Amino acid sequence: MKQRLALVDCNNFFCSCERIFAPSLSGKPVVVLSNNDGCIISRSEEAKALGIPMGAPRHEQEGVIQKHGVKVFSSNYTLYGDMSARVMAILRESALETEVYSIDEAFLKLPGEFGEAEARALRAKVLRWTGIPVCIGMAGTKMLAKLANREAKKRRVETGGVFDLDACEDLEELMERVSCDGLWGVGKRLALRLAGLGIRTAAEFRWADSRQIRKSLGVVGERMWWEMNGVSCLPWEEIPPDRKGVMASRSFGTPLEKLEEVEEALAHHVARASEKLRRFGLRASRIDVFLQTNRFRAGEAQYCPAAGLNLDEPTASTSELMGQARELLHEIYRKGYRYQKTGVSLTGLVRAEAVQGCLDLDGVRKAKREVDAIVDRINQRLGDRKNPVITRGSMGSKHSPQRWRMKSGQRSPAYTTSWRDLPVAVLGGGSRRV
DNA sequence: TCTGGGGTCCTAGGACCC
DNA sequence: TCTGGGGTCCTAGGACCC
Numbered sequence: 312m313k314q315r316l317a318l319v320d321c322n323n324f325f326c327s328c329e330r331i332f333a334p335s336l337s338g339k340p341v342v343v344l345s346n347n348d349g350c351i352i353s354r355s356e357e358a359k360a361l362g363i364p365m366g367a368p369r370h371e372q373e374g375v376i377q378k379h380g381v382k383v384f385s386s387n388y389t390l391y392g393d394m395s396a397r398v399m400a401i402l403r404e405s406a407l408e409t410e411v412y413s414i415d416e417a418f419l420k421l422p423g424e425f426g427e428a429e430a431r432a433l434r435a436k437v438l439r440w441t442g443i444p445v446c447i448g449m450a451g452t453k454m455l456a457k458l459a460n461r462e463a464k465k466r467r468v469e470t471g472g473v474f475d476l477d478a479c480e481d482l483e484e485l486m487e488r489v490s491c492d493g494l495w496g497v498g499k500r501l502a503l504r505l506a507g508l509g510i511r512t513a514a515e516f517r518w519a520d521s522r523q524i525r526k527s528l529g530v531v532g533e534r535m536w537w538e539m540n541g542v543s544c545l546p547w548e549e550i551p552p553d554r555k556g557v558m559a560s561r562s563f564g565t566p567l568e569k570l571e572e573v574e575e576a577l578a579h580h581v582a583r584a585s586e587k588l589r590r591f592g593l594r595a596s597r598i599d600v601f602l603q604t605n606r607f608r609a610g611e612a613q614y615c616p617a618a619g620l621n622l623d624e625p626t627a628s629t630s631e632l633m634g635q636a637r638e639l640l641h642e643i644y645r646k647g648y649r650y651q652k653t654g655v656s657l658t659g660l661v662r663a664e665a666v667q668g669c670l671d672l673d674g675v676r677k678a679k680r681e682v683d684a685i686v687d688r689i690n691q692r693l694g695d696r697k698n699p700v701i702t703r704g705s706m707g708s709k710h711s712p713q714r715w716r717m718k719s720g721q722r723s724p725a726y727t728t729s730w731r732d733l734p735v736a737v738l739g740g741g742s743r744r745v
């Protein structure tokens, strides 16, 4: 039986959340701002209609905001997280399995009988119970479900916010209408590269030679090609894997020049990041610190240094990390610049409980050296350099697709296209945690 | 004329997503 | 004057090892 997926996506999520608590704003233009109130990161339909672009600096839109009385909110992530959890809980009731993809999106594995009527009912239920409007796209793969969702959103009035690609009668016509940069995972750069191959629409992408796509866009591109052709090869992650890193950074309201001031900001970031670490039960084995001047000031001297350090022991201790962060900052700080931003990034995360019994890497290396020495001795005694009796090897490496490709001059098979286990990676990354 | 080759670990940078 | 913050994955290349 063919797999059926849905992508459920909340409409203008942050704005929709704000509106729940201010019903008088229904039908009025609303925007939500980024952390420092710097950029517009969510717009209601009415705000979009006024031509306010996504990600625009607030100050550039001040005129429109004033003129049309656009209601402006600072972001409130506690609220959004809470609303998200409510929506997800409802979705779980209808799905066989659920993968929460981001704060406002989830993939659903659908039961066989789930069609457009059921999707409409689900949509109505979410709206009735949470006040959040959603759109639902259905198809056989994640990429296609994304595309279906886009269609549902774009033609909301006509589709009722629900679109089933498998039930679409003029699929080819639809694919011809969608340009490549509208595909999930194809950004500006890749679209440009595709255009260079004469591939401009989803239809052309689907019909393209997969080898050509592979050559030009790599394994990521080939995965997209399969997905677009109905072959699912992105992983299903019902349980989100542990984070690989945490970061804390902020822009300053006004540029800072003194080391002590930057230090203070950085200390705050280290505290936030290490707190996060502890909350997840993780410890970091590497810390990176960075500084940035104002990149928008073309006339000013720019300086964007960074420094990092691998820690001896994984830690989540604020004070330990703080000490290291300060030293790193001193390494990179230079007088005479106007700094606009600083931040810290903690990576190489391991589970706190695993730290105790963690693999003794040095021990393993030592053991390997010992074995190698034995192998050498045997070879010296029994063979010669050119024809060793025993050869050293390491598991799998010889057969890693990368190496294999170099040797054979061929592509590796589609499903083992990367030296990492495939299919593993998610398209183009993405912030996936709520 | 050839100049070892297989392997690990790490970092930086590119691309994309929400 | 103001110009977000937090993620993921892939690839290339250097250092090092035997």
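Residue numbers for the first sequence follow the working numbering, so the first one is 312 and each next one is one higher.
Note that CB positions come from ideal geometry on N, CA and C, so glycine has one too.
Here the structure is a predicted model, which means the values were calculated and not measured.
Asked: Should the region 640 to 658 be regarded as contacting the region 539 to 546, the criterion being three or more beta carbon pairs within less than 8 Å?; Found: no
Asked: How would you call VAL468, buried or exposed, if buried means at least 16 neighbouring beta carbons within 10 angstroms?; Found: exposed
Asked: Determine the DSSP secondary structure at THR389, reduced to helix, strand or coil.; Found: helix
Asked: Measure the C-alpha to C-alpha separation of GLY349 and ASN540 and round it to an integer number of angstroms.; Found: 40 Å
Asked: Please state whether DSSP places ALA407 in a helix, a strand or coil.; Found: Rather than Ala, the amino acid found at residue 407 in this sequence is Leu. Three-state result, LEU407: coil.
Asked: Tell me the start and end of each unbroken beta strand (DSSP E) in the region 502 to 527 that is at least 3 residues and wholly inside, in chain order.; Found: none
Asked: Cα separation between GLY502 and PHE516?; Found: Checking the sequence shown, residue 502 turns out to be Ala, not Gly. When rounded, the distance between both Cα atoms is 10 Å.
Asked: Where do the ends of the alpha helix (DSSP H) carrying ARG583 lie?; Found: 570 to 591
Asked: In terms of alpha-carbon separation, which member of ARG431, ARG534, GLU424 lies closest to TRP495?; Found: ARG534
Asked: In whole angstroms, what separates the C-alpha of ILE443 from that of CYS321?; Found: 7 Å
Asked: Mind pulling the alpha helix (DSSP H) runs of 4 or more residues that sit fully within the region 325 to 398?; Found: 356 to 360, 369 to 379
Asked: Could you please give me the residues that DSSP links to THR626 through a beta bridge?; Found: ALA595
Asked: Within the continuous beta strand (DSSP E) that includes THR658, where are the two ends?; Found: 650 to 658
Asked: Nearest-angstrom Cα distance between PHE591 and VAL557?; Found: 10 Å
Asked: In three-state terms, what does DSSP make of ARG608?; Found: coil
Asked: I believe ILE352 touches VAL343 by the beta-carbon criterion, under 8 Å. Please report the beta-carbon distance rounded to the nearest angstrom.; Found: 6 Å
Asked: Among ALA609, VAL655, PRO552, which one has its Cα closest to the Cα of ARG597?; Found: VAL655
Asked: Report the rounded CA-to-CA distance for VAL381 versus TYR388, giving the unit in angstroms.; Found: 21 Å
Asked: DSSP puts PHE425 in a beta bridge; with which residues?; Found: Paired residue(s): none; PHE425 is not in a bridge.
Asked: Can you list, in chain order, the residues of its chain whose CB lies under 7 Å from that of SER327, leaving out five sequence neighbours each side?; Found: CYS321, ILE443, PRO444
Asked: Where do the N-terminal and C-terminal ends of the beta strand (DSSP E) with LYS555 fall, by residue?; Found: First-last for LYS555: undefined, no H or E at that position.
Asked: For VAL473 and ARG434, which I take to be in contact (beta-carbon distance under 8 Å), what is that distance rounded to the nearest angstrom?; Found: 6 Å
Asked: What are the start and end residues of the beta strand (DSSP E) that includes VAL445?; Found: 445 to 450
Asked: Output the distance between the C-alpha atoms of GLU408 and GLN613, rounded to the nearest integer angstrom.; Found: 49 Å
Asked: Quick test of your reading: GLU638 and GLU410, contact by CB under 8 Å. State the CB separation rounded to the nearest angstrom.; Found: 41 Å between Cβ atoms; not a contact.
Asked: Would you report the Cα separation of CYS615 and GLN603, rounded to the nearest angstrom?; Found: 4 Å
Asked: Quick one: what's got a C-beta closer than 7 Å to ILE524's C-beta in the same chain, skipping five residues either side?; Found: GLY532, GLU533, TRP536
Asked: Could you spell out where the alpha helix (DSSP H) holding ALA463 opens and where it closes?; Found: 453 to 465
Asked: Rounded to the nearest angstrom, what separates ARG315 and LEU455 at their Cα positions?; Found: 10 Å
Asked: Among the residues of its own chain, which have a CB less than 7 Å from the CB of PRO724, if the five just before and after it don't count?; Found: Since pLDDT at PRO724 reaches only 32, below the 50 mark, its modelled position is unreliable, and the value read off the structure follows with that caveat. Counting only Cβ-Cβ distances below 7 Å, and skipping sequence neighbours, we find nothing.
Asked: So, helix, strand or coil for GLN613, using DSSP?; Found: coil
Asked: What residues are listed by DSSP as bridge partners for LYS420?; Found: LEU316, GLU408
Asked: Look up VAL473 in the DSSP assignment and say whether it is helix, strand or coil.; Found: strand
Asked: Give me, in chain order, the residues of the same chain whose beta-carbon lies closer than 7 Å to that of CYS479; leave out the 5 immediate sequence neighbours on both sides.; Found: LEU485
Asked: Does the Cβ of ASN460 have 16 or more other Cβ atoms within 10 Å, making it buried, or fewer, making it exposed?; Found: buried
Asked: CA-CA distance, ILE363 and ASN621?; Found: 44 Å
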